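Q: With UniProt numbering as the guide, the letters of the sequence shown map in order to residues 1 to 509. One structure follows; several queries about it will come next.
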Amino acid sequence: MSQILGKLFVKIVDAKNLQCTSNAPKPYCVVEFEKSEFVTREPIDLTHDVNQNNEVTYASVWKHDANFDVSRKGSELTISIWDRAINNSDPSLSFIGMIKVRPPTINGKLYDNRFKLTPADRVKGDIRVQLMFQTVTSSSLSVDDFVFLKLLGKGSFGKVLQVRKKDTGRIYAMKILVKRDIVERQEIQHTISERNVLVQASSPFLVSLKFSFQTPEKLYLVLDYINGGELFFHLQKESSFTISRAKFYTQELIAAISHLHLNNIVYRDLKPENILLDSTGHICLVDFGLSKENIKFDDKTHTFAGTAEYLAPEVLAGQGYNKAVDWWALGILFYEMTTGLPPFYSENTNLMYNRILTSPLTFPDNNPDFTDAAKSLCLGLLERDPRRRLGGGIEDADEIKRHVFFDGVDWEKVNSKRYTPPFKPHVESSEDTRNISPEFTNTMPVDTPSQDAPISETLQKNFEGFSYIGNQTYSAESFSRSQFGSYGGSLGGGNGHGDGSYGGSPMKF
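The structure is reproduced here in structure tokens:
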């Protein structure tokens, strides 16, 4: 593993020949690198012209600077241009164009280039971008390297804060966990497992670990700040999604879960509260506190873990289970997204468990969008026998991808996030918290001093070797403050809804 590689300096200079659907456009850019995002201001200068085809085109000047931490080789920089004048959540109306580039890695050299916007068959225009990479000397981090901005959520183990890293200005989510609470609730193994999963995972649809550090009393975990809100928040707001919108999210979830399964990890807690939307509408899976490592195809685990509505029959029956439980949960989630409720839901938990084990799967009569292919997908994913379940065999996700419901889907395009999302959250800046519950964001963000004595040296050894800066893991002795990591995991343990993610609804513990 390499240390954090350096910093990337980006200037969005201008764009020319833009085609906009509104008569008075307000173009702005969303810039994403290693899941960190910033949103440019509106143009400092905007002019228009009429080309030889009698089409109105626009030239926009931003001259907007931003810096990013670089922690992986080969990461892509994505710049998408949108029109804020179109007050509509349908991205197809406000989307102007995008580029994907691999930034330079030569230290200190300035690159100044124009790039054609894509997709070429739908958009026109080009954008001028200046890029420079600069190496940095690796060093330890502490809480003093960050500015606290907002409270994003709280749990019995700690809290999640929105923070700004002082040297780059990038916005992150910082999870603060109290070591004594982790030890007393016997959650050390879950915490270790979550950290390991985050270090292994590198999917564009999984939240990533950036930095972490610790004091004798606490663990500080710095992760991507995803500001489009929980899928739960948007689903509650709209009651249900169209089949096409649910299909989009399901495609990206298949890519996320497939990545975990390829690394022999069972997720075990798929639910709307653990799925965040980024500022352009793509999904990001969070909360790996219940994930189980080292589960190969023929392996089984027996721990009763998950959230009631999404538990697979084999978990309830105590038979032992494998990766197929994640595909059952995906079937429950797809049904919920398209109808508004999980298929076997009841406020009485015991009755709900009985329904999961025995009740037939029924479909709404009043939803013409619920095609035979969609029903077939649900029936395949919600097969009670995990050996016959869609995705339950050795092929795992590949079997699901071949289902007729996904005919015509380009999975390489899914994996590279080149499908335009069907919905774009309202996000105006990198710090925007409008999609987070005001129950938290209206509270002063503070790192409350611990009133308890630090845990013993023997217990402290449980947290050795977790030091992390970018892609580099260090031993506890490497720094005066060592590193540790994950975000989105359970702040309070347990299996309840909302553990440890943040979004539109309050976090529940």
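Glycine included, every Cβ here is placed at the ideal spot set by N, Cα and C. If you're wondering where the values come from, they're calculated on a predicted model, not measured in any experiment.
Skipping 5 residues on each side, what residues in its chain have a beta carbon closer than 6 Å to that of M337?
A: Around M337: F241, A246.
Q: Please report the residue range of the beta strand (DSSP E) in which G281 lies.
A: G281 -> no beta strand (DSSP E), and no H or E assigned at all.
Q: If I measure Cβ to Cβ from R481 and keep anything under 8 Å in the same chain, skipping five residues before and after, which residues do I get?
A: Only weak support exists for where R481 lies, its pLDDT of 28 falling under 50; the coordinates are left without a value.
Q: Could you pull the DSSP bridge partners for A173 from this structure?
A: The partner list for A173 (beta bridge, DSSP) reads Q162, L223.
Q: Should I106 go down as buried or exposed, given a rule of 16 or more other Cβ atoms within 10 Å for buried?
A: The residue is exposed, with fewer than 16 neighbouring Cβ atoms inside 10 Å.
Q: What did DSSP end up calling C378 once you bin it into helix, strand or coil?
A: Looking at C378 - three-state DSSP - the assignment turns out to be helix.
Q: What is the C-beta distance between F233 and C284, in whole angstroms, given that I count them as a contact (C-beta under 8 Å)?
A: That pair is no contact at about 14 Å.
Q: DSSP state of Y345, grouped into three classes?
A: Three-state DSSP puts Y345 in coil, outside helix and strand.
Q: How big is the Cα-Cα spacing for L379 and L330?
A: Whole-angstrom Cα-Cα distance: 12 Å.
Q: Kindly indicate which three-state DSSP category F95 falls into: helix, strand or coil?
A: In the structure shown, F95 sits in a strand (DSSP, three-state: E or B).
Q: Excluding five sequence neighbours on each side, which residues of the same chain lie with their C-beta closer than 7 Å to the C-beta of S430?
A: Cβ neighbours of S430 beyond the five flanking positions: E37, F38, V39, I171.
Q: Looking only at C-alpha atoms, which of K424, N462, I436, E457 sits nearest to S94?
A: For S94, the nearest C-alpha among the options comes from K424.
Q: State the start and end residues of the unbroken alpha helix (DSSP H) segment that holds I400.
A: That run of the alpha helix (DSSP H) goes 397–401.
Q: According to DSSP, simplified to helix, strand and coil, what is G488?
A: The predicted model places G488 with a pLDDT of 42, which falls under 50 and marks its position as unreliable; any figure quoted below should be read in that light. Coil at G488, not helix or strand.
Q: Pick out whichever of K218, L223, A120 has its Cα sitting closest to the Cα of M174.
A: If we check each option's Cα against that of M174, L223 comes out closest.
Q: In its own chain, which residues sit with a C-beta less than 6 Å from the C-beta of Y111, not counting the 5 before and 5 after it?
A: Same-chain partners within the cutoff: P104, L131.
Q: Under 8 Å Cβ to Cβ from P27, same chain only, skipping five residues before and after it: list those, please.
A: A15, L18, C20, E42, P43, L46, Y58, S60, I81, W82, D83, R84, I96, listed in sequence order.
Q: Do L177 and G153 come within 8 Å of each other at the CB atom, strictly closer than that value?
A: Not a contact, by the Cβ cut-off of 8 Å.
Q: Following the continuous alpha helix (DSSP H) through S244, name the residue where it begins and the one where it ends.
A: 243–262 is the span of the alpha helix (DSSP H), which, as asked, contains S244.
Q: Please report the straight-line C-alpha distance between S208 and H302, rounded to a whole angstrom.
A: Roughly 28 Å between the two C-alpha positions.
Q: Using 8 Å as the threshold, is the C-beta distance between D49 and K7 below it?
A: The answer is no: Cβ separation not under 8 Å.
Q: Just to confirm my understanding: we take Y353, look at its own chain, exclude 5 residues before and 5 after, and list those with CB closer than 6 Å. What are they?
A: The residues are L316.
Q: Going by alpha carbons, who is nearest to Q251 out of D121, F406, D181?
A: Checking every option, the nearest Cα to that of Q251 belongs to F406.
Q: So, with DSSP's three-state summary, where would you put Q52?
A: Q52 falls in the coil class under three-state DSSP.
Q: Looking at the ligand MG, does it come within less than 7 Å of Q130, judged from the CB to the closest heavy atom?
A: Ligands are entirely absent from the displayed structure, and the ligand MG is therefore not among its contents.
Q: Helix, strand or coil for Q134? Go by DSSP, reduced to three states.
A: If DSSP states are grouped into helix, strand and coil, Q134 belongs with the strands.
Q: Look at the Cβ atom of residue 512, then the Cβ atom of S359, and state whether they are nearer than 8 Å.
A: Residue numbering for the chain in the displayed model covers 1 to 509; residue 512 lies beyond these limits and cannot be assessed.
Q: Looking at C-alpha atoms only, which residue of N366, E217, I295, E399 is the closest neighbour of P449?
A: Measuring from the Cα of P449, the nearest candidate turns out to be E217.
Q: Please check if any C-beta of chain C sits within less than 8 Å of the C-beta of S279.
A: In summary, chain C is missing from the structure at hand, where a single protein chain is found.
Q: Quick check on P272: buried or exposed, where buried means 16 or more other Cβ atoms within 10 Å of its Cβ?
A: By the 10 Å Cβ count, P272 comes out buried.
Q: Taking the alpha-carbon positions, what's the R102 to D126 distance?
A: Going from the Cα of R102 to the Cα of D126 covers about 17 Å.
Q: Terminal residues of the continuous alpha helix (DSSP H) containing T338?
A: Unbroken alpha helix (DSSP H) run through T338: 324–339.
Q: Quick one: using the 10 Å Cβ neighbour count with 16 as the cut-off for buried, is residue 563 buried or exposed?
A: There is no way to answer for residue 563, as the model of the chain reaches only from 1 to 509.
Q: What is the residue span of the beta strand (DSSP E) that I79 lies within?
A: Taken as a continuous stretch (DSSP letters only), the beta strand (DSSP E) holding I79 covers 77–83.
Q: State yes or no: is the C-beta of T280 within less than 8 Å of the C-beta of V10?
A: It is not a contact, given that the beta carbons lie outside the stated cut-off.
Q: Give me the Cα-Cα distance between S92 and I86, rounded to the nearest whole angstrom.
A: Going by the C-alpha atoms only, they are around 10 Å apart.
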